[in-house]
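**Q**
Number of protein chains: 2
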Amino acid sequence: MSKVTLREVAAHAGVHISTVSRALDPERGALVNDQTRNRVRAAADELGYQRNAVASGLRRGRTQTLGVVVPDLGNPFYAPFMRGVENHLEGRGLMALMAETQDDHGRLSRVLDHLISRQADAVIVASARSGDERLLRKAQEQIPLVLAVRHLPGAGIPAVTHDDERGGRLAAEHLISHGHRRVAQLHGPRDVSSFRGRGRGFVDRMRESGITVREPDDAAGRPRLEEGRRLMKQLLAESDDLPTALFAHNDLMAFGALQAMGERGLSCPLDMAIVGYNDTPMTAFTDPPITTIRLPGYELGRMAADTAVSVVENGPDELKVLSLPPELVPRDSTLRWTRRG
Amino acid sequence: MSKVTLREVAAHAGVHISTVSRALDPERGALVNDQTRNRVRAAADELGYQRNAVASGLRRGRTQTLGVVVPDLGNPFYAPFMRGVENHLEGRGLMALMAETQDDHGRLSRVLDHLISRQADAVIVASARSGDERLLRKAQEQIPLVLAVRHLPGAGIPAVTHDDERGGRLAAEHLISHGHRRVAQLHGPRDVSSFRGRGRGFVDRMRESGITVREPDDAAGRPRLEEGRRLMKQLLAESDDLPTALFAHNDLMAFGALQAMGERGLSCPLDMAIVGYNDTPMTAFTDPPITTIRLPGYELGRMAADTAVSVVENGPDELKVLSLPPELVPRDSTLRWTRRG
DNA sequence: CATCGGACAGCAAACGTTTGCTTCTTTTGC
DNA sequence: GCAAAAGAAGCAAACGTTTGCTGTCCGATG
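In order, the protein sequence lines correspond to chains B and U. So in our numbering, spot 81 of the first sequence is number 81, and the numbers just go up one at a time. So in our numbering, spot 125 of the second sequence is number 125, and the numbers just go up one at a time.
#1: I want to verify the contact list: residues of chain U whose CB lies under 8 Å from the CB of Arg83(B), in sequence order.
#2: With DSSP run on the structure shown, which of helix, strand or coil describes Gly341(B)?
#3: I need the straight-line Cα distance from Gly67(B) to Arg302(B), nearest angstrom please.
#4: From the DSSP secondary-structure annotation, give me the bridge partner or partners of Ser323(B).
#5: Between which two residues does the beta strand (DSSP E) carrying Ala122(B) extend?
#6: For my contact list, Glu215(U) and His187(U) are in at a C-beta cut-off of 8 Å; report their separation, rounded to the angstrom.
#7: Compile a chain-ordered list of the residues in the region 102-126 of chain U whose CB is closer than 9 Å to at least one CB of chain B.
#8: Taking 9 Å as the threshold (beta carbon to beta carbon), is Ala219(U) in contact with chain B?
#9: Do the region 150-168 of chain U and the region 230-242 of chain U touch if we need at least three Cβ pairs shorter than 8 Å?
#10: Using the Cβ count rule (16 or more neighbours within 10 Å means buried), how would you classify Asp34(B)?
#11: Which residues in the same chain as His162(B) place their Cβ atom closer than 8 Å to its Cβ, once the five residues preceding and following it in sequence are excluded?
#12: Less than 8 Å between the CB atoms is what I'm expecting for Tyr49(B) and Val4(B), so what's the real figure, rounded?
#13: Straight-line CA distance for Thr363(B) to Gly221(B)?
#14: Which one of Asp121(B), Leu97(B), Gly57(B) and Arg137(B) has the shortest CA to CA distance from Thr307(B)?
#15: Against Ala43(U), what residues of chain B qualify as contacts under a CB-to-CB distance less than 9 Å, listed in chain order?
#16: Given this structure, state the Cα-to-Cα distance separating Leu152(B) from Val85(B), to the nearest angstrom.
#17: Would Ala245(U) and Ala254(U) qualify as a contact pair, given that the criterion is a beta-carbon distance under 9 Å?
#18: So, are the CB atoms of Val192(U) and Val203(U) less than 9 Å apart?
#19: In terms of residues, what are the limits of the alpha helix (DSSP H) holding Arg107(B)?
#20: In whole angstroms, give me the CA-to-CA distance for Gly341(B) and Cys268(U).
#21: On the premise that Ala184(B) lies in contact with Pro223(B), defined as a C-beta separation below 8 Å, what is that separation, rounded to the nearest angstrom?
#22: Using beta carbons (cut-off 9 Å, strictly below), is Ala10(B) in contact with chain U?
#23: Run through chain U and tell me which residues come within less than 8 Å of Pro80(B), C-beta to C-beta.
#24: Just verifying my parser: in three-state terms, what is the DSSP assignment at Thr63(B)?
#25: Ile274(B) to Met282(B), Cα distance in whole Å?
#26: With distances taken from CA atoms, which of Pro288(B), Pro71(B), Leu89(B) and Leu97(B) is nearest Val123(B)?
#27: Counting only Cβ-Cβ distances shorter than 8 Å, please list the residues of the region 50-69 of chain B near chain U, keeping chain order.
#28: Pop quiz: Thr291(B) and Thr334(B) are said to be a contact at Cβ under 8 Å. What is the actual Cβ separation, rounded to whole angstroms?
#29: What is the rounded straight-line gap between the Cα of Arg196(B) and the Cα of Gly276(B)?
#30: Pick helix, strand or coil for Met95(U), following the three-state DSSP scheme.
#31: As a quick exercise: from Pro289(U), Asp104(U) and Leu319(U), pick the residue whose alpha carbon is nearest that of Phe332(U).
#32: Which residue from Leu328(B), Arg129(B) and Val9(B) puts its Cα closest to that of Arg41(B)?
#33: Find out if the Cβ-Cβ distance for the pair Glu90(B), Pro71(B) is shorter than 9 Å.
#34: Any idea what DSSP makes of Asn278(U), helix, strand or coil?
#35: Give the DSSP-derived three-state secondary structure of Glu318(U) in the structure shown.
#36: Is Leu147(B) closer than 9 Å to Val367(B) when the C-beta atoms are compared?
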């Protein structure tokens, strides 16, 4: 735990500490003579000097740290997202302070306080829900924010998102073109823009074909496997005249729905086709593999990080809002269905 | 972005900044008169003061930040692990700086440098592989380390792990008791203690029953789904006299194996039973559900965080090494198998 | 009544960098 | 050959907290 600071390096190289500071900073290395710079660098290497980023952050007002807030680390969708963020930061000497909110308002609030107090240079919030507007706007006065994945329209915060409405329409079109006329959806919590978008797109497209979408209650709390199972059971309980296809607002709920069908002795896709959302890796390996809408997590992470970095460097942009397109990935959970009766 | 510092609060409350510092610190709040303390707190609230953790960290030499290094954010096992860490830190005002190594030595090295430079109070390393010893020992001179999940025996670093050897034996016993006599295993990379332990336990127990374990090559690189599929294909290619049961060193590889069987038109468990490792949530929902060894991720995370905190507070303990027990979770991938021919 | 000690709050020096300014030396241009 | 400019390195003041020490006031004690 020996502390090697600029002082030690300076003494060892026989120069002033400010010279060391400059010599070791690639940006301002030019300010010092080549010869001395080499001498200083050699001394630093020899002593094993490592810059104290805390002191540097205090003085510079930049910590080279980005906060990343996600709703659920257990949701496999966020792994590529975070990897996208990290990979983008990697080469720039930045690092991510990650936190999970578990979709809890209080937790979000505490997490933001932490990040502000730790002087993160910016925060990527991938866990915004409606109801968070006030909190986020207040946070934004202290620290630059970038929304990712989920949008919060009208909050005046730059965002890197995805066209959920279009995704919902894609799902609807796919089902319609395969001959489905009785459909249902498992709706994620409505305080999340993504789910609202998916629901809206799906219902609208269905309505255009004169089809009414049936819905059990919305997911209460977090839209995970267990919740999908519960909702699907509820849907199956109203058993007369079951729909022939189901749109689940994420893959986790689709898995749950699949399980509920299994428990009832129903077969997917013969009794009911299923479309999920996110293209979680696992969807390719369930029985049957699940048709899903691909949400480009890695790219979203990368672009969110890029936006955040640019906001830090160039100040708040003209409220940039990016939106990546969805893509349908057809698999057996819809392809093997054929109309009966 | 207004800066409210101790100075502003002090001016507003009409006291000296050191008094404010004390009044706002729960630990030393007693040093200031109740009345003034309330006045100061009111002033702080009114101005929306938030302590600058960077300045505090510099002065105190404690950043209230813990580094957490995992190999793969995409491996669902690490979600509960990280949640365990976070939940333990939550109430203590600590926060996790997370990073992913993707099982790359260079990346680990860079990540550690970052964490040291950022003056993390300690680092939890869940991504240790043999070959990392030197690197980790050197890092340990600068920052307290705690190994988690994977052990590095002899490196002299406290660790919170799990009895992988016992887990391997459990898998073996389960298969033996169900009548299997021809078995194989998909071995994870041998530079990871966990996989070596699992392999050893499995092989030893099998040998005790006079059974030889067949193995295709080890997983090259990261033991993920794709790799499991590749190895399983290789195993199936030597098609004469197939084993009746397979032990995959993690669930991801088990999924891949399952897929490879499907592609060959083989059925699990009828043609081959499978045991995985980790009890990843998904194992309950594949077809068939996969028998697996439960590795208590959440608890490991919690205890690793606890150990790290105690190392920070009380100095390096007498090299604590904890090991949690594994547990077999039986599911259809082995239960529905029956001996044929 | 003098003194002691406790309670409270202010003072100022750190923590390790960065950076505007100053100073000194060397080079350049005329 | 001299003034001006450029080049290089040192000086010292920040950044916002924390904390050992000092000083002041007051009530209690002998």
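No residue lacks a Cβ here, since even glycine has one placed at the ideal position from N, Cα and C. Since this is a predicted model, take the numbers as computed values, not measurements.
**A** Let me lay it out:
#1: Leu73, Gly74 and Glu100
#2: Low per-residue confidence applies at Gly341(B): pLDDT is 44, beneath 50, and the placement is therefore not dependable enough to give any value.
#3: 14 Å
#4: Thr161(B)
#5: Ala122 to Val125
#6: 6 Å
#7: Gln102, Arg107, Arg110, Val111, Asp113, His114, Leu115, Ile116, Ser117, Arg118 and Gln119
#8: no
#9: no
#10: exposed
#11: Val149, Ser194, Leu295, Pro296, Leu300, Ser323, Leu324, Pro325 and Pro326
#12: 5 Å
#13: Lying before the first or after the last residue shown, residue 363(B) is absent from chain B, which here runs from 1 to 341.
#14: Asp121(B)
#15: Going along chain B, no residue has its Cβ under 9 Å from Ala43(U), so there is no contact; the nearest lies around 18 Å.
#16: 20 Å
#17: no
#18: no
#19: His105 to Ser117
#20: Low confidence applies here, because Gly341(B) scores a pLDDT of 44, under 50, leaving its location unreliable; read the following figure in that light. Approximately 33 Å between the Cα atoms of the pair.
#21: In fact, because the Cβ distance is near 15 Å, the residues do not count as touching under 8 Å.
#22: no
#23: Gly74
#24: coil
#25: 15 Å
#26: Leu97(B)
#27: Gln50, Arg51, Asn52, Ala53, Val54, Ala55, Gly57, Leu58, Thr63 and Thr65
#28: 4 Å
#29: 15 Å
#30: strand
#31: With the sequence shown as reference, residue 332(U) is identified as Asp, and Phe is not the correct amino acid for it. Residue Pro289(U) is the option with its Cα nearest to Asp332(U).
#32: Val9(B)
#33: no
#34: strand
#35: coil
#36: Because chain B here runs from 1 to 341, residue 367(B) falls outside it and cannot be looked at.
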